[in-house]
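Chemist: In our numbering, the protein residues as written are 58 to 369.
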């Protein structure tokens, strides 16, 4: 057995190296070293005959594990001799690569039963800047969803959805309960309420002609108008420079007209004073129509004694 090639795994990843060698109809033994890890892969033309590693494992597992090594070195010999008393695996390299891709996707994704819910922290939500796509996803998690439900509802590739969810989790906006974590049933024992409760709302405005351009209402107050200094700018000639104001109060979001030229309407009715909005209201500013939605509602107690939760 003669050494014909040596090199660094940093420049020649194992999967690419095997694909190159096999495509040329070559056979041989590939010895790999990466830190304290080591592996040997025997191949013949486009077949993996056998593989072993210091940590043990089946041939396919050894090869797929080596695909992930980004540091270390390799040595290629020109002969592939399967040890005595060992039955060759004879695995198609293309099938091994496809299986590696499936495992990588599963590892990067979440189990179907993983449960996601919005973290009840309005102060944090107001500090974080979200894109329209992130806000839409946060909106869907208001009542909690499993990863399986989200995949079905959004018809989005699992990896892309997992990446977006991971971003919200990293921001601290979303909490997840993994599939393997049991969620105990709870008995809620109410305690006497000694004070009032106030509501913290997170809402959104969605233009009728731009459904992908969502304006999240995370702050206490927004002015809406044509001028660029508005927090919500609507570049339409029928909208006044400072057209309307929407504010979050203890009762919910209220809308008021700022003496605009063409008026402010809610569900077809022109408003002359502050109007308390409800989920699904249609707002018209000049010719621009916006849909108001409540993304989530959490009740924050001022002086109420916390409820006692007893796990069953």
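All C-beta atoms in this analysis are idealised placements derived from N, C-alpha and C, irrespective of residue type, glycine included.
Quantities reported herein were computed from a predicted structural model and do not represent experimental measurements.
Where residue 226 and residue 164 are concerned, what is the direct C-alpha to C-alpha distance, given to the nearest angstrom?
Modeler: Each residue's Cα considered, the two are about 17 angstroms apart.
Chemist: Decide if residue 99 is buried, meaning its Cβ has at least 16 other Cβ atoms within 10 Å, or exposed.
Modeler: By the 10 Å Cβ count, residue 99 comes out buried.
Chemist: Alpha carbons only, please: which of 294, 302 and 108 is nearest the one belonging to residue 276?
Modeler: Among 294, 302 and 108, the Cα nearest to that of residue 276 is on 302.
Chemist: Sort 149, 155, 128 and 107 by Cα distance to residue 141 and report the nearest one.
Modeler: Out of 149, 155, 128 and 107, 107 has the C-alpha closest to the C-alpha of residue 141.
Chemist: Candidates 62, 168 and 300: which alpha carbon is nearest residue 313's?
Modeler: Of the candidates 62, 168 and 300, the one whose C-alpha sits nearest the C-alpha of residue 313 is 300.
Chemist: Could you pull the DSSP bridge partners for residue 323 from this structure?
Modeler: Residue 323 pairs with 326 and 340.
Chemist: Residue 124: which of 72, 84 and 134 sits nearest, CA to CA?
Modeler: The shortest Cα separation from residue 124 among 72, 84 and 134 belongs to 72.
Chemist: If you reduce the DSSP assignment to three classes, tell me which class residue 146 lands in.
Modeler: Three-state DSSP puts residue 146 in coil, outside helix and strand.
Chemist: Taking buried to mean at least 16 other C-beta atoms within 10 Å of its own C-beta, is residue 77 buried or exposed?
Modeler: Result: exposed.
Chemist: Expressed to the nearest angstrom, what Euclidean distance is found between the alpha-carbon atoms of residue 211 and residue 205?
Modeler: So the alpha carbons of these two residues sit roughly 10 angstroms apart.
Chemist: Thinking C-alpha only, which one of 84, 233, 169 and 174 is nearest residue 134?
Modeler: Of the listed residues, the one whose Cα sits closest to residue 134 is 84.
Chemist: I believe residue 324 touches residue 338 by the beta-carbon criterion, under 8 angstroms. Please report the beta-carbon distance rounded to the nearest angstrom.
Modeler: Their Cβ separation, rounded to whole angstroms, is 6 angstroms, which keeps residue 324 and residue 338 in contact under 8 angstroms.
Chemist: Would residue 92 and residue 129 qualify as a contact pair, given that the criterion is a beta-carbon distance under 8 angstroms?
Modeler: For residue 92 and residue 129, yes; Cβs fall inside 8 angstroms.
Chemist: Kindly indicate which residue of 340, 336 and 335 has the alpha-carbon position closest to the one of residue 327.
Modeler: Comparing Cα positions, the closest option is 340.
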